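In the numbering used here, the protein residues as written are 19 to 49.
From the three backbone atoms N, C-alpha and C, an ideal C-beta is built for every residue, glycine too.
Source: prediction; values computed, not measured.
To keep things clear, I will list the structure first and then write my remarks on it.
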Amino acid sequence: GILIVSTSKGVISHEQARSEGIGGQLLGYVY
Numbered sequence: 019g020i021l022i023v024s025t026s027k028g029v030i031s032h033e034q035a036r037s038e039g040i041g042g043q044l045l046g047y048v049y
C-alpha cells in the first residue's frame, strides 16, 4: 500500500515526498 501525505506541493504519495525530500501531514493509508 501507499501512504497519502498532504505537503506544500499538494497531496502526494510518501514515496514521491521522500524522493523530493519534503514532509507533510499524513492523511491516510491505501491498501
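In this structure, the beta-carbon distance from V29 to I22 falls below 9 Å. Put simply, the backbone Cα of Q34 is about 15 Å away from that of V48. Beta-bridge annotation (DSSP): I22 is paired with S31, G46. Cα atoms of I40 and S24: separation of roughly 10 Å, rounded to the nearest angstrom. Taking C-beta separations shorter than 7 Å and ignoring five residues to either side along the sequence, the partners of L44 in its chain run L21, V23, following chain order.
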